[in-house]
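Participant: Residue numbers (mature numbering (1 follows the signal peptide of the UniProt record, and there is no 0)): -15 to -1, 1 to 389. Glycine residues also receive a C-beta, built at the ideal position from the N, C-alpha and C atoms. Structure in structure tokens, see below.
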């Protein structure tokens, strides 16, 4: 570790110790005096009519620099949350907060991946992940999905080929197991267990990116890779964007404590820490809500998105029958539509839809090699009204017929 990085890390470590120790005096850090800030009161009202007003000390905390790992009381609340929902098999794990799970993924990639390192990637996959991986020049190994999620046999085949040819083995697998973006697939527990067994056999890490963990339409909560982890090889990404607030820009990483320690140094030397105001809002929510309130909130979210999914499904079945193929998403916010008789949807999207103010995403946006033709479209049912959904689907039919 360079002296420069050590200095930065040490400087913010001192600031954290100063803020958490009574009667301490500091001439070390360049902390601005919070009395000069034009903010005197912060209050909010949560769902179920829960009012909260921050104390003067809490306001000082959210306006000042803090720990790069996160707001300590929230860290403890989040650890308890993880224990409740995942029942981890190990005790040597820790957590840290990031500016959303995308920020967490990028930091993990930067920490673990060197040029030409073999990396297995669920395909199709979220375009933001593709963008984060591209500058690292990794050797990307695409692993396909079916209706049950990522296909374990493909992992085994790719790994065995590398063993046979004496090539470097994959360092990690990136996977989005619940409500996968863009397919909407929720990976079955059998598949998850098989993939974890392969991770043990071929000794690779699993990056479990699970922003739609609580946006699924199943009767039971899916089993996480983190809950299966007996070796400390799972790095779990959680997001509050889909359930609490996208604008808070807070995500969480749960992993072996040695990995978290390294990530905290990375955070210190980049963003310093995620917003303490956002973290305080979350902490107050955890302080005022119990398990019952969270479960009720998640059920209401699931009901909301399932109803919207069903609305779009009705329209797709009405308008696209015989013109397209699709699977019913079991989670997430998207339909993954395969247009029949079309080699590539890029022209349809860019030259027909966009000029008319209709925005959908072409399939090749979700492939690492975006130059390949792809006949899919991703349609989101999260925000548009039923009338807008119907309009878009009808226009897609008309535009597609013009191309054909």
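1. Counting pairs of Cβ atoms below 8 Å between the stretch 227 to 236 and the stretch 184 to 202, do you hit three or more?
2. Three or more beta-carbon pairs under 8 Å between the stretch 296 to 304 and the stretch 136 to 147, yes or no?
3. Roughly how many angstroms lie between the CA atoms of residue 289 and residue 355, to the nearest whole one?
4. Whole angstroms are fine: how far does the CA of residue 310 sit from the CA of residue -10?
5. Provide the residue(s) that pair with residue 143 in DSSP beta bridges, ordered along the chain.
6. Per DSSP, residue 127 forms a beta bridge with which residues?
7. For residue 70, name the three-state secondary structure that DSSP assigns.
8. Could you pull the start and end residues of the alpha helix (DSSP H) that residue 240 belongs to?
9. So, at 8 Å on beta carbons, what are the nonlocal neighbours of residue 193 in its own chain, with the 5 sequence-adjacent residues on each side left out?
10. Quick check: what's the CA-CA separation for residue 91 versus residue 277?
11. Taking just the CA atoms, how far does residue 333 sit from residue 388?
12. Report yes if the CB atom of residue 270 is closer than 8 Å to the CB atom of residue 56, and no otherwise.
13. Just curious, the alpha helix (DSSP H) that residue 115 is in, first and last residue?
14. Please determine, among 318, 217, 259, the residue with the shortest C-alpha to C-alpha distance to residue 244.
15. Residue ranges of each beta strand (DSSP E) run of no fewer than 3 residues wholly in the stretch 291 to 342, ordered along the chain?
16. Are there three or more Cβ pairs, one per stretch, closer than 8 Å when the stretch 323 to 343 is compared with the stretch 236 to 250?
17. Could you tell me which residues DSSP puts in a beta bridge with residue 81?
18. What is the rounded straight-line gap between the Cα of residue 108 and the Cα of residue 131?
19. Could you check the C-alpha separation between residue 247 and residue 93 for me, to the nearest Å?
20. Taking contact to mean at least 3 C-beta pairs separated by less than 8 Å, is the stretch 77 to 89 in contact with the stretch 43 to 61?
21. Write down the C-beta distance between residue 86 and residue 255 rounded to the nearest angstrom, noting that I regard them as a contact closer than 8 Å.
22. Per the DSSP calculation, residue 395 is bridged to which residue(s)?
23. Within 10 angstroms of its Cβ, does residue 24 collect 16 or more other Cβ (buried), or is it exposed?
24. Between residue 172 and the rest of its own chain, which residues show a CB-CB distance below 6 Å, the 5 nearest in sequence each way excluded?
25. Within the same chain, show all residues whose beta-carbon is closer than 7 Å to that of residue 35, passing over the 5 residues directly before and after it, in chain order.
26. For residue 170, does the three-state DSSP call read helix, strand or coil?
27. Between residue 73 and residue 214, is the Cβ-Cβ spacing less than 8 Å?
28. Given a cut-off of 8 Å on the beta-carbon distance, is the pair residue 105 and residue 136 in contact?
29. Hey, how far is the Cα of residue 372 from the Cα of residue 366?
30. Apart from the five residues on each side of it in sequence, which residues of its chain come closer than 6 Å, Cβ to Cβ, to residue 378?
31. For residue 331, I'd like the list of residues in its chain whose CB is within less than 7 Å of its CB, leaving aside the five on either flank, ordered along the chain.
32. Using the three-state DSSP reduction, which class does residue 221 fall into: helix, strand or coil?
33. Within 7 Å: the Cβ of residue 59 and any heavy atom of the ligand GDP?
34. Between 268, 15, 251, which lies nearest to residue 60 when the distance is taken from Cα to Cα?
35. The beta strand (DSSP E) with residue 28 in it runs from where to where?
Facilitator: With the given structure in hand:
1. yes
2. no
3. About 33 Å.
4. Interpretation of residue -10 is limited by its pLDDT of 49, a score under 50 that renders its predicted location unreliable; no figure is taken from the coordinates.
5. Paired residue(s): none; residue 143 is not in a bridge.
6. According to DSSP, residue 127 bridges with 106.
7. helix
8. Where residue 240 is concerned, there is no enclosing alpha helix (DSSP H), although the beta strand (DSSP E) it sits in stretches over 236 to 241.
9. 160, 162, 209, 210, 211, 219, 220, 221, 222
10. 33 Å
11. Interpretation of residue 388 is limited by its pLDDT of 48, a score under 50 that renders its predicted location unreliable; no figure is taken from the coordinates.
12. no
13. 112 to 118
14. Closest by alpha carbon: 217.
15. 319 to 324
16. no
17. Residue 81 is bridged to 238.
18. 10 Å
19. 10 Å
20. yes
21. Incorrect: roughly 16 Å between the Cβ atoms, too far for contact.
22. No answer is possible for residue 395: it lies beyond the span of the chain, which begins at -15 and ends at 389.
23. exposed
24. 134, 162
25. Excluding positions up to five away in sequence, the list reads 273.
26. coil
27. Contact flag set, yes.
28. no
29. A direct Cα-to-Cα measurement between residue 372 and residue 366 gives close to 12 Å.
30. 300, 304
31. Excluding the 5 residues flanking it on each side, residue 331 has same chain C-beta neighbours closer than 7 Å at 347, 349, in chain order.
32. strand
33. The ligand GDP is not among the ligands present in this structure, which contains no ligands whatsoever.
34. 268
35. 28 to 31
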